[in-house]
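Please read the structure below before turning to the comments.
Protein chains: 2
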Amino acid sequence: MRTLTLQRVRFTMGLPPLKRAIQEQAEKTKNFVSRSLVVGEVLSVADMATGVKCGIIYWLFGGAVRNLGSPAHVTKWLQPLQEQKYTGMFAMTERAHGSNVRGIQTEATFDLSAQEFVIDTPCENAEKMYIGNSMYGNYAAVFAQLILNGTSQGPHCFIVPIRDENGNLYPGVTAIDMMHKEGLHGVDNGILRFDKVRIPRENLLDKFGSVAPDGQYHSPIEDRGARFNAMLAALTPSRLAVTFQAMGSMKLGLTIAIRYSHSRRQFGPKAMEEVKIIEHQTQTLRLMPHLATALALTFVSRYAGVLLDEDIFCGKELVNSRSLQALVAGLKAYSTWENVSCLQDCRECTGGMGYMMENRISGLKCDTDVFVTFEGDNVVMLQVVVRELLAQYTRQYEKRPLSSLLRNWAESGGDKLRTSVLAFNVDTVGSLAFLLKAVNFRERVLQRGLVARIYYKVMTKKEDFFSAWNSCLHHITCLSLAHIHRVTLEQFFLAVNSCPDPADRALLQKFCLLYGTKLVFQERAWYLEHKYFTPTASMRIRSQ
Amino acid sequence: MRTLTLQRVRFTMGLPPLKRAIQEQAEKTKNFVSRSLVVGEVLSVADMATGVKCGIIYWLFGGAVRNLGSPAHVTKWLQPLQEQKYTGMFAMTERAHGSNVRGIQTEATFDLSAQEFVIDTPCENAEKMYIGNSMYGNYAAVFAQLILNGTSQGPHCFIVPIRDENGNLYPGVTAIDMMHKEGLHGVDNGILRFDKVRIPRENLLDKFGSVAPDGQYHSPIEDRGARFNAMLAALTPSRLAVTFQAMGSMKLGLTIAIRYSHSRRQFGPKAMEEVKIIEHQTQTLRLMPHLATALALTFVSRYAGVLLDEDIFCGKELVNSRSLQALVAGLKAYSTWENVSCLQDCRECTGGMGYMMENRISGLKCDTDVFVTFEGDNVVMLQVVVRELLAQYTRQYEKRPLSSLLRNWAESGGDKLRTSVLAFNVDTVGSLAFLLKAVNFRERVLQRGLVARIYYKVMTKKEDFFSAWNSCLHHITCLSLAHIHRVTLEQFFLAVNSCPDPADRALLQKFCLLYGTKLVFQERAWYLEHKYFTPTASMRIRSQ
C-alpha cells in the first residue's frame, strides 16, 4: 500500500498543476493559495492517502520553508521540490507534547566554533511522533528549542537532513515505523530521534528569529509569546487545506450515498413496487442536511482561501490576521467534525454496502477520522478561535491592563443586542434574514457571557487564568462553533445572492435555508432558554 | 487474519463454558440466555471477530435450529456443535432484500415424488449476501419462499449442506468471497448461490410451518403475517447478544480512554506542571456521560436477558412477548448507536494514540460499526419497537377494526398525563424522581401524538398506511428512543436501589443521575416546547 502511494505521490507531484503550484508558492503568485487548495481537494477525492502525503510535502514542509524561511531558503528548499529531487516532512509533535507545542523538548544548541546547530533528542518524551513521510523523506522541518549559551529562546524551525538520495539515514538519525493505523495505510508515520545531529547555521528558518555568526540572537518580534504565535501562524494554510480535504471527502461520500439511495428499493405500499429508500423520510432527513452543510462549507472555505491570498499577496504576515486565523482554525474543527458525522450517516444509510471497502465510504471514514486530531486537535482549535477573537478585540486597546479590557468587552454589545432581540416575528421563521439574525444573536450573547464569566473568575475571585479558562471550556467551544456557524451561514447567503444562474440560485437558496434551519434547530433549546423565540416558533422550525 | 480467527473460534468453542452453553441452549436450562450473553460479551472484549463468528454459529445458526426447529432438529443440528463436528451459518439477507425480509426471492420448491425441497436462486437479486462464515461453514440455515404446487407459503427456514468436512462445496452451491470490509477482517462474509440444490423434506425447520409427506402444508399459526413474525422472533436472543457485544466494546474503549486521560498531561497553569487531560473540562464532559450510558445499558440489557430467560423457561413463544420484542429491538439500535458515538469520542479524546491500531480503540470502531446495520438496520429496529408497542396495545382490543383502536389509543392517556405535567418544581431538577417523570412524560406525549397523527392521515385523509407511516418516520424514531430511554433509566434506577454495598450504591447513584440528566438535557428543547419546564429550569439542568 505504501509503495503504491509512493508511486502515486511521485506521479502526482510530476503533473504540471502540482509543479506549477510549487512554483507559485515560491513566487507568491496572486491567488496561489486558492488554486492549490482546490488541487488538494480534487487529489483527496481521488485518493486520500496520496492527498495527505502530497499535503505533507507541499503544505507542511513547503509551507514551513515559505512562511518561516528567508528568500534564500525558498530557493534552496522549496523550488527543488518541483523536480522531485527530494521530499520533505514536518516534525513538530513529540511524544509528550502534541497540542502544547510550546513545551517541546527537542534541543537545537548553537555551537559557535563550528557555526552549527546540534539537534538532539534528550529523552523519550522528546521523540518526534506520528511524522508523516518519515520512512521515505529526505529532509525534515524540525521544531526544537533554540538554545544559546544554555538558555532557550523558545521553539524554532530547522531543516534537518534525514536520508540521502538512496534512502540511507544520516548518522545520528533514527526513524522508527509506527505501523498500523485506522486508515491512511499509504501514509508512513514514524518516530524520529536525533542523537546530536549537526546542521549548518543556515538551516535555521530565520524569518522570526535568527542567530548571527557571533551567536547573537535577533528577532523582529520582541515578545516571546507573540514570536511563537507568528511561527504557528505558518500552519494556517495547511489547516485550511485540511478543510478542503474534509469537504472533498464529504462530497464524495454524499454522492455515493445519495445515488445509492435513488437506486435501492426497500419496503413499499401493499401489493406495489417497493419505494426508493431516498423516499423514506428518515433517509432524506439524514442525508440532506449534510449536503447543505457540504455546500455551506464550500463557500466559506473558498472565502477563507481568498482572504488568505489577499493577505499573502499584500505581504501581510499571517499572524496579523487575527480574524482569519480564528476562522481557519474554527473551520478546520468544524469541517472535520461535520465530515465524521456525514460519513457515518452515509455509511449507515447505505447499509451493508456501505461497510464494504469497495464502495469507498468506510475507507474514507477511516482515512479522514484522524483529521479531527492532526494539524491541531479540534477542541484545541476551538480554543484558538476564541483566543484569536479575544486578541483581535483587545488589539484596539493595546497596552491597557487585562482588567479594563475584559470589563470593557463585557459591557459592550448591550445596545447592539437589544435592537435585534425583539425583531422577532413568528411568520419570519422561514426567512434567511431571521436565521442570520438568530445565529448572530447567539454568537454575541455567548461572547458577552464568556467575557463576563472569565472577568468574574479572574478579577473578582482571583482564580488563575488557566483554571478560569478551563472551567469555561464548554462555553468556549460553544462560542467558537457559534462564531463559525455565523460566518458560514453569512458566506453561504452571500454566495447564493451572487449566483449568476437563476435556476442554480433557486436551488442553492433552498439548501441555504435548510442549512440555516439546521443551525437554529440544533440549538433551539438555547434559543428557548434565552426566550429568543417562543415554543410555538420552535415547533414551526422543527416542522420546517 | 481469517485463519487466525478460525483457530481462535475453534479454541473458544472447545472451552467448557461454550460447550456447556450449547448444551444448555439445547436443553433450555434455566437462565441459559443470560449466561451465554455474558460469555458473548467477554468474548467480544477479547476479540471482536471471534465473538462475532462464535455468535453466528451459536446465536444465529444454533438459534434458528433452537427456535424454528423441532426437538429432533435440535438433537441433529444443535447438539453436535459441541463437538465441533461442523459449523453453521445463517443465510437470510439477499442482494435485493435486507431489511424487508418478507420479499426474499430464494425458492424452496417441494418435489413430492422425491420427498425433497429444491433450493434455488432464481436471479442475481436473490443471492444471499454478507453471509458470515460462508467461506468455511458446513451448514446454512437458509430462508426461502416455501413453494407448494406453484404458490408460496411465505419465507421458511431450511438447513442446507454447503460443504463436506474437508471443506469442499456440495454440487450446486456457489460461495463467493466478499473480501474487504471496514473491520471484522477475521470474519469471512460471502455470497451464496444455489442452483437447484436438493435437500430432504426433514431439513425444513418446521415449528411454525410443516409439509407432510403428501405435500399438505400445516401451520399452528393461521395468519401469514403472524407466522412470519413468529419466525422473525427467533432473532430476538441474537439481537440482544449484539447489545451485549456493543456494551463490551464501549466498556473496553472507555477503560482505555479514561486510563489514558489520567496519565497524559497537556497544558497547565504558568510555570507549573501540566495537568492531566482528564482535568480539562471538555474531556470529562465528553467521556463521563458515555460511562453513565454504559452502566445504564448494563442493567437494562441484563433485565432483558432475565425476561427472555423467564419466557423461554415458561415455554412461551417469543413472538407472544410483544413488549420484550420491542425492548430488545430498541436496545439493539440504542446500544449500537451509543457504542459508535462513545468509541468516536474515545478515539478523539486519545488523540493520535487513539488512531493507532495497537491501542485498540480504532479497531473496535471499525469492527463494531456494522452493528448498527446487521441483525436489523437500526432505523428499521426503531420501527419494530413502535409496531410492537402498538400491537401490544391493540391485543387488548382484538378483532376490532383499526379505526376504533386508533381512536381509542389516541384518546387514552389524557388523564394520566395531566397529573404529572404540573408536578414540576424547580428545586427537584436534580432528583431522579423528576428525571424519571420527565422521560415518562415524553414517551407518553410522543405516543399519543403519533397515534393521533396516523389516525388523522389514515382515517380522515384516507392516505394508505404505508405513506402515513412513512411521513411519521421521524416521529416514530423519536418515540422509539424515548421508550427505550425510559425503560433504561427505570432499570438503572432499580438496580441502584438494590445494590447491596453502600459505597457502590452511592457511586452508581451519581452515574444514574448523570444518565438521567443527559437524557433530559439532550431533549430539553422538546421539554421547553411542551412547557414541561421553564427556561430557568432548563439552564439549571445544563449547569448540572
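Those protein sequence lines, which keep their order, are chains A and B. In case it helps, the numbering used here puts the first sequence at residues 1 to 544. In case it helps, the numbering used here puts the second sequence at residues 1001 to 1544. Built from N, CA and C at the ideal position, the CB exists for glycine as well. As the structure is a computational prediction, the values presented were derived from the model and not from experiment.
Nearest-angstrom Cα separation, counted from residue j out to residue i
i	j	result
residue 1279 of chain B	residue 143 of chain A	28 Å
residue 558 of chain A	residue 452 of chain A	Examination of residue 558 of chain A is not possible in this model, given that chain A is present from 1 through 544 alone.
residue 1419 of chain B	residue 1302 of chain B	Reliability fails at residue 1419 of chain B, whose pLDDT of 36 lies under 50, so the model's placement of it is uncertain and no value is given.
residue 269 of chain A	residue 1464 of chain B	7 Å
residue 215 of chain A	residue 298 of chain A	48 Å
residue 263 of chain A	residue 277 of chain A	8 Å
residue 1306 of chain B	residue 1032 of chain B	10 Å
residue 1416 of chain B	residue 1442 of chain B	With a pLDDT of 41 at residue 1416 of chain B, under the threshold of 50, the predicted position of this residue should be treated as unreliable, and no value is reported.
residue 180 of chain A	residue 1358 of chain B	7 Å
residue 1102 of chain B	residue 1164 of chain B	30 Å
residue 1329 of chain B	residue 1236 of chain B	7 Å
residue 1427 of chain B	residue 1436 of chain B	Unreliable placement is indicated for residue 1427 of chain B, whose pLDDT of 46 sits below 50; no coordinate value is reported for it.
residue 240 of chain A	residue 293 of chain A	17 Å
residue 113 of chain A	residue 91 of chain A	27 Å
residue 176 of chain A	residue 362 of chain A	28 Å
residue 196 of chain A	residue 106 of chain A	11 Å
residue 323 of chain A	residue 229 of chain A	14 Å
residue 527 of chain A	residue 1136 of chain B	57 Å
residue 1160 of chain B	residue 1060 of chain B	14 Å
residue 207 of chain A	residue 507 of chain A	47 Å
residue 151 of chain A	residue 125 of chain A	20 Å
residue 1168 of chain B	residue 50 of chain A	42 Å
Enclosing alpha helix (DSSP H) for residue i [first to last residue]
i	result
residue 1123 of chain B	Looking at the DSSP string, residue 1123 of chain B is not in any alpha helix (DSSP H), and its letter there is neither H nor E.
residue 346 of chain A	322 to 349
residue 152 of chain A	Where residue 152 of chain A is concerned, there is no enclosing alpha helix (DSSP H), although the beta strand (DSSP E) it sits in stretches over 151 to 161.
residue 1256 of chain B	1236 to 1263
residue 1510 of chain B	1502 to 1522
residue 33 of chain A	32 to 46
Range covered by the beta strand (DSSP E) that runs through residue i
i	result
residue 436 of chain A	From DSSP, residue 436 of chain A is part of no beta strand (DSSP E) but of the alpha helix (DSSP H) over 432 to 455.
residue 1221 of chain B	First-last for residue 1221 of chain B: undefined, no H or E at that position.
residue 1200 of chain B	1197 to 1200
residue 975 of chain B	Here chain B has residues from 1001 to 1544 only, and residue 975 of chain B is not among them.
Coil, strand or helix - residue i by DSSP
i	result
residue 231 of chain A	helix
residue 27 of chain A	helix
residue 293 of chain A	helix
residue 288 of chain A	helix
residue 532 of chain A	coil
residue 365 of chain A	helix
residue 356 of chain A	strand
residue 276 of chain A	strand
residue 382 of chain A	helix
residue 169 of chain A	strand
residue 1315 of chain B	coil
Residues sharing a beta bridge with residue i, DSSP
i	result
residue 1210 of chain B	B:1218
residue 189 of chain A	A:132
residue 1007 of chain B	Partner(s): none; residue 1007 of chain B has no beta bridge.
residue 177 of chain A	A:190
residue 110 of chain A	A:117
residue 1204 of chain B	B:1158
Query - Members of the region 1340 to 1367 of chain B that neighbour chain E once the beta carbon cut-off is set at 8 Å - result: The chain inventory of the structure shown lacks chain E, comprising the protein chains A and B.
Report task. Identify every run of the alpha helix (DSSP H) within the region 1057 to 1108 of chain B, keeping only runs that are complete inside it and at least 4 residues long; order them along the chain. Result -> 1062 to 1068
**Report entry** Entirely enclosed alpha helix (DSSP H) segments - the region 1467 to 1497 of chain B, minimum 4 residues
**Finding:** Segments of the alpha helix (DSSP H) lying fully in the region 1467 to 1497 of chain B: 1473 to 1497.
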